[in-house]
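Taking it in order: structure first as structure tokens, then the write-up.
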Amino acid sequence: MTEQNVYTVKNQVADPTTLGLFGLAIVTMVAASNKLGITSDVSGILPWAIFLGGFAQLIACIFDFKHNNLFGASAFGAYGLFWIGVSFTWMTKFGYFGDPMKDALDMGQFGFALLGYVIFSIFMTISTLKMNPVMFVLLILIDILLFALMMYTFTHVHAWGLIAGIAEAATSLVTFYALGAKYLNAFFGRTMMPVGKPMVK
463 MTEQNVYTVK NQVADPTTLG LFGLAIVTMV AASNKLGITS DVSGILPWAI
513 FLGGFAQLIA CIFDFKHNNL FGASAFGAYG LFWIGVSFTW MTKFGYFGDP
563 MKDALDMGQF GFALLGYVIF SIFMTISTLK MNPVMFVLLI LIDILLFALM
613 MYTFTHVHAW GLIAGIAEAA TSLVTFYALG AKYLNAFFGR TMMPVGKPMV
663 K
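Under our numbering, the first residue of the sequence shown carries the number 463, and numbering increases by one thereafter.
Given below as structure tokens:
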């Protein structure tokens with residue numbers, strides 16, 4: 463493999479997918495630790511939610527638009543903004559913006575936002591049938607995570623929170639696999655970590 467194939471050519475935009483997947487993998491790992499009771503409180507999650515879950519995926523989104531990658535741009539953009547929205551919701555809930563906003567917060571509105579994301583993620587999941595089984599499994603896990611979070615927000619039933627935590631931890635692990643496959647397969651120019659073939663044409 464030549465140096466030109468390994469490194470980015472001048473004026474060529476590198477595939478941003480690995481950065482977006484890394485952001486998703488990290489934030490879901492940290493957030494899952496809280497939902498599963500391994501760590502406490504959400505204050506320590508905020509930096510990772512804003513910078514890795516939010517900014518890293520938004521950077522990937524912008525460059526995927528330049529790649530004309532509709533799936534990547536839509537998914538990274540929507541999920542990146544999701545984590546920023548979640549962060550501001552948490553900050554409002556814990557009084558970061560003052561007591562008036564904290565007292566006026568209705569978490570039911572967050573539940574309806576989650577409902578919207580469930581609908582969006584179902585569309586994204588269907589499109590992964592043309593990609594590969596790894597991405598399909600990843601989106602199914604995200605669907606379960608968002609649905610469980612929505613149900614927990616509306617019902618406050620602990621079981622839904624546990625389901626969300628398990629789905630989120632699994633999301634992180636599958637995302638790390640997808641990240642490794644995307645990076646290593648592209649870097650070495652051959653299949654180092656298989657992801658499977660598209661399930662529909």
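Just so it is clear, CB atoms sit at the ideal spot from N, CA and C, and this is done for glycine as well.
For K497, the closest of P478, F638, K644, G623 by C-alpha to C-alpha distance is G623.
A566 has its alpha-carbon roughly 44 Å from the corresponding atom of K592.
Counting the other CB atoms within 10 Å of its CB gives A476 a total below 16, which places it among the exposed residues. For the pair L601 and T590, the CB atoms are nearer than the 8 Å cut-off. Between the alpha carbons of G482 and V619 lies a gap of roughly 32 Å. Taken in chain order, the whole beta strand (DSSP E) runs of length 3 or more contained in the segment 501-565 number zero. With a cut-off of 8 Å on Cβ pairs, the segment 580-589 is not in contact with the segment 549-569, counting fewer than three such pairs.
For H618, there is no enclosing alpha helix (DSSP H), since its DSSP letter is neither H nor E. CA-to-CA, the gap between G658 and P562 works out to about 52 Å. DSSP places G570 in the uninterrupted alpha helix (DSSP H) bounded by 569-589. Here S549 is near G516, since their CB atoms are less than 8 Å apart.
Membership of A487 in the alpha helix (DSSP H) is indicated by the continuous run 479-497.
In this structure, the CA atom of V636 is about 12 Å from the CA atom of I488. Under a 10 Å Cβ-count criterion, T615 is classified as buried, with 16 or more other Cβ atoms of the shown protein chains found around its own Cβ. Short of 6 Å from the beta carbon of L486, and not among the five residues preceding or following it, lie these beta carbons of its own chain, in chain order: T637. Linking Y645 to M597 through their CA atoms gives a straight-line distance of about 15 Å.
With 16 or more neighbouring CB atoms inside 10 Å of its own CB, S634 falls in the buried class.
Closest in C-alpha terms to G570, from the list T617, A522, Y541, N531, comes T617. With a cutoff of 8 Å on beta-carbon distance, A493 and I507 are scored as near each other.
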